[in-house]
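*Asks:* In the order they appear, the protein sequences are chains A and B.
Every number in the working numbering is 137 more than the matching position in the first sequence, counting from 1.
Every number in the working numbering is 13 more than the matching position in the second sequence, counting from 1.
Don't be surprised by glycine CBs; every beta carbon is placed ideally from N, CA and C.
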Amino acid sequence: MVTAENYEEYMILSADGELSAEEERELMAFLELNPALKAEMDTYASLKLVPDEELVYTDKQSLLKPETNKQIFIPRLYRSYGIAAGILLLIGSSYIIFEKSQRNPIETNNVATLPVKDTNQQNTKIVITDSQKTQPITPAPQPTNIQVAIKSTTLASTHKNNPKELIKPLRQAPVQVVPKQANENLVARVERSALTSLPMMDAQQIANTHTLKTDILNFMTTESEPIVAALSADEKRRTFIDKLPLTEVKKEGLAKVSGSVINTYNQIHSLKKEIESTNVTLAVRNRKLIISF
Amino acid sequence: MEAKEYNICVQEWADALFRFACKCTGQASDAHDVVQGSFEVLWQKRKDVSVEKAKAFLFQVAYRQSIDNYRKKAKVVYAEGPENSSSPTNPDLKKVLERALARLDEQSRALVLLKDYEGYSYDEIAEITNLSESQVKVYLHRARKTLKEYLVSVEKII
Numbered sequence: 138m139v140t141a142e143n144y145e146e147y148m149i150l151s152a153d154g155e156l157s158a159e160e161e162r163e164l165m166a167f168l169e170l171n172p173a174l175k176a177e178m179d180t181y182a183s184l185k186l187v188p189d190e191e192l193v194y195t196d197k198q199s200l201l202k203p204e205t206n207k208q209i210f211i212p213r214l215y216r217s218y219g220i221a222a223g224i225l226l227l228i229g230s231s232y233i234i235f236e237k238s239q240r241n242p243i244e245t246n247n248v249a250t251l252p253v254k255d256t257n258q259q260n261t262k263i264v265i266t267d268s269q270k271t272q273p274i275t276p277a278p279q280p281t282n283i284q285v286a287i288k289s290t291t292l293a294s295t296h297k298n299n300p301k302e303l304i305k306p307l308r309q310a311p312v313q314v315v316p317k318q319a320n321e322n323l324v325a326r327v328e329r330s331a332l333t334s335l336p337m338m339d340a341q342q343i344a345n346t347h348t349l350k351t352d353i354l355n356f357m358t359t360e361s362e363p364i365v366a367a368l369s370a371d372e373k374r375r376t377f378i379d380k381l382p383l384t385e386v387k388k389e390g391l392a393k394v395s396g397s398v399i400n401t402y403n404q405i406h407s408l409k410k411e412i413e414s415t416n417v418t419l420a421v422r423n424r425k426l427i428i429s430f
Numbered sequence: 014m015e016a017k018e019y020n021i022c023v024q025e026w027a028d029a030l031f032r033f034a035c036k037c038t039g040q041a042s043d044a045h046d047v048v049q050g051s052f053e054v055l056w057q058k059r060k061d062v063s064v065e066k067a068k069a070f071l072f073q074v075a076y077r078q079s080i081d082n083y084r085k086k087a088k089v090v091y092a093e094g095p096e097n098s099s100s101p102t103n104p105d106l107k108k109v110l111e112r113a114l115a116r117l118d119e120q121s122r123a124l125v126l127l128k129d130y131e132g133y134s135y136d137e138i139a140e141i142t143n144l145s146e147s148q149v150k151v152y153l154h155r156a157r158k159t160l161k162e163y164l165v166s167v168e169k170i171i
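1) What runs of the beta strand (DSSP E), each 3 residues or longer, lie entirely inside the stretch 159 to 205 of chain A?
2) Taking only beta carbons into account, state which residues of the stretch 44 to 72 of chain B come closer than 8 angstroms to chain A, listed in chain order.
3) So what's residue 159/B in DSSP terms, helix, strand or just coil?
4) Leaving out five residues on either side along the sequence, give the residues of the same chain with a beta carbon under 6 angstroms from the beta carbon of residue 43/B.
5) Cα separation between residue 354/A and residue 404/A?
6) Does the CB of residue 167/B have a neighbour CB from chain A at under 8 angstroms?
7) Sorted by chain position, which residues of the same chain lie with C-beta nearer than 6 angstroms to residue 175/A's C-beta, five sequence neighbours on each side aside?
8) For residue 46/B and residue 58/B, what's the separation of their Cα atoms in angstroms?
9) Is there a C-beta anywhere in chain A that falls below 8 angstroms from the one on residue 152/B?
10) Determine the direct distance from the alpha carbon of residue 389/A to that of residue 402/A, and round the result to whole angstroms.
11) Touching or not, the stretch 69 to 80 of chain B and the stretch 151 to 160 of chain A, by the rule of three or more beta carbon pairs under 8 angstroms?
12) Comparing the CB of residue 21/B with every heavy atom of the ligand SAH, is any distance shorter than 7 angstroms?
13) Closer than 9 angstroms, Cβ to Cβ, to anything on chain B: give me those residues from the stretch 157 to 173 of chain A, in chain order.
14) If you drop the 5 nearest sequence neighbours on each side, which residues of the same chain put their C-beta closer than 6 angstroms to that of residue 133/B?
15) For the putative contact between residue 18/B and residue 64/B, defined by C-beta atoms under 8 angstroms, what is the C-beta separation to the nearest angstrom?
16) By a C-beta neighbour count over all protein chains shown, 10 Å radius and 16 as the cutoff for buried, is residue 52/B buried or exposed?
17) Buried or exposed: which applies to residue 234/A, given that a residue is buried once 16 or more other Cβ atoms fall within 10 Å of its Cβ?
18) Verify the CB distance criterion: does residue 19/B have a CB-CB separation below 8 angstroms to chain A?
19) Using only CA atoms, which one of 107/B, 138/B and 108/B lies nearest to residue 121/B?
20) Give the straight-line distance between the Cα atoms of residue 159/A and residue 140/A, rounded to the nearest whole angstrom.
21) Just to make sure I have the definition right: I need the residues of chain B whose C-beta is within less than 9 angstroms of the C-beta of residue 193/A. Which are they?
22) Buried or exposed: where does residue 125/B fall if 16 or more other Cβ atoms within 10 Å of its Cβ makes it buried?
23) Are the CB atoms of residue 129/B and residue 185/A nearer to each other than 8 angstroms?
24) For my contact list, residue 14/B and residue 54/B are in at a C-beta cut-off of 8 angstroms; report their separation, rounded to the angstrom.
25) Our contact map puts residue 165/B next to residue 180/A with C-beta atoms below 8 angstroms; I'd like the distance itself, whole angstroms only.
26) Could you check what DSSP says for residue 58/B in three-state terms: helix, strand or coil?
27) Using a Cβ-Cβ cut-off of 7 angstroms (strictly less than) and excluding sequence neighbours within five positions of residue 68/B, which residues of its own chain qualify?
28) Please identify the residue among 105/B, 167/B and 22/B whose C-alpha is closest to the C-alpha of residue 198/A.
29) What is the rounded straight-line gap between the Cα of residue 146/A and the Cα of residue 123/B?
30) From what residue to what residue does the alpha helix (DSSP H) around residue 32/B run?
31) Report the neighbours of residue 175/A on chain B: residues whose CB is nearer than 8 angstroms to its CB, in chain order.
32) Which value, in whole angstroms, describes the spacing of the CA atoms of residue 115/B and residue 191/A?
33) Determine the direct distance from the alpha carbon of residue 232/A to that of residue 371/A, and round the result to whole angstroms.
34) In this structure, does DSSP put residue 410/A in helix, strand or coil?
35) Does the beta carbon of residue 387/A sit closer than 8 angstroms to a beta carbon anywhere in chain B?
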């Protein structure tokens, strides 16, 4: 309610436009009752400051910012090409990784190639290549008790009747060493069901080549009896492997394989010794085998 | 807010901000710095400020910078408007009001300017100045009475 004590506040609020319609009516009613105060009301209303429109900020250009709204436009066709290339790259890399995982770790990159020559030739050279390097290994003078036979029976039988047919490159060459007879020398059979980068040779040569006299295992033995001693010479074997032009990983794998071969041979050798010392009866399931020397 | 909207704000509000800063600081050079600083802050905060709130934001920054400027200088020597400035209606009343405005303290002057120049309501002024609405009401009440007393005294002299 507008009174003589608060009318000035109502006048200021009215000049500022902050009164409600009801309060405005109350103020007008009060001024009707007190017309002497109308001049004061006009004074408050005239206190309104008016902005000087001529006073302007003249340096607006310094405030403006460049309106760069560039967008990188990539045609849809190029996007499709990019996606297709990415998928192909993924598939290709997956295939390569899968292929590598399926390979024998020994022959992942390095391939041992045996250039096959005349089987009757004494000094057969073994050439082991790794990538671009070729290192011929000269056989030792007394390797004659060791025979290395390529047991590619399938290939031999297949191509026997067709000597001129060339042998395709093969892969995976597990090495198997078995004693031929008790009193005979060690025969090392090299199965080459598949050997990559194998040089071309005709089937007739392979048919005639059942045994290759070589000293590939010269590091193991030179004669029948010293075989055990030679096989146990781990250092000699290790030295030979270290000379091979292979990576450390492959050398480790080769060392493991050769170690297992030697262990197997030792077991067979010890068994043979036991059999030689006494007659033994072996029972395999319900069949009995009597061995006597 | 993007650069385009920001530039629109420059074109739309730079003059009003400059006039407000001129009356608050009393010096055109200080007002120039206040305007530049206010728009610089707006540009930095443009991602957080909408176009609708840009004007209030600018006056909020300008008010704080003007107050800071006043506190640094302790006492502002208020310069009246340019010599050629005049009101088309009542040039004498305008000059008297300009002188009366110079007699107000920094804060009351800013409140009067926000009310008369920009037409903000009390609650909007409270938001810009970070005061309560009742504080705005009290400050403006005192300011209006001061202006009225000055105007009456001048009229008596005349």
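*Replies:* Quick answer:
1) none
2) 45, 48, 49, 52 and 56
3) helix
4) 82
5) Only weak support exists for where residue 354/A lies, its pLDDT of 47 falling under 50; the coordinates are left without a value.
6) no
7) Excluding sequence neighbours, residue 175/A sits near 168.
8) 18 angstroms
9) no
10) 20 angstroms
11) no
12) Of ligands this structure carries none, so the ligand SAH is not represented either.
13) none
14) By the criterion of a C-beta distance shorter than 6 angstroms, residue 133/B is surrounded in its chain by 127, once the five residues flanking it on both sides are discounted.
15) Contact between residue 18/B and residue 64/B holds, since their C-beta atoms are separated by about 5 angstroms, short of 8 angstroms.
16) buried
17) Counting Cβ neighbours within 10 Å, residue 234/A comes out exposed, since fewer than 16 surround it.
18) yes
19) In terms of Cα proximity to residue 121/B, the closest of 107/B, 138/B and 108/B is 138/B.
20) 15 angstroms
21) 27, 28, 31 and 32
22) buried
23) yes
24) Rounded, the Cβ-Cβ distance is 13 angstroms, inconsistent with contact.
25) Between the beta-carbon of residue 165/B and that of residue 180/A there is about 7 angstroms, and that keeps the pair under the 8 angstroms contact cut.
26) coil
27) 26
28) For the residues 105/B, 167/B and 22/B, the minimum Cα distance to residue 198/A belongs to 22/B.
29) 20 angstroms
30) 16 to 38
31) By Cβ distance, chain B contributes nothing, its closest Cβ being about 14 angstroms from residue 175/A, past 8 angstroms.
32) 20 angstroms
33) 39 angstroms
34) helix
35) So, not an interface residue.
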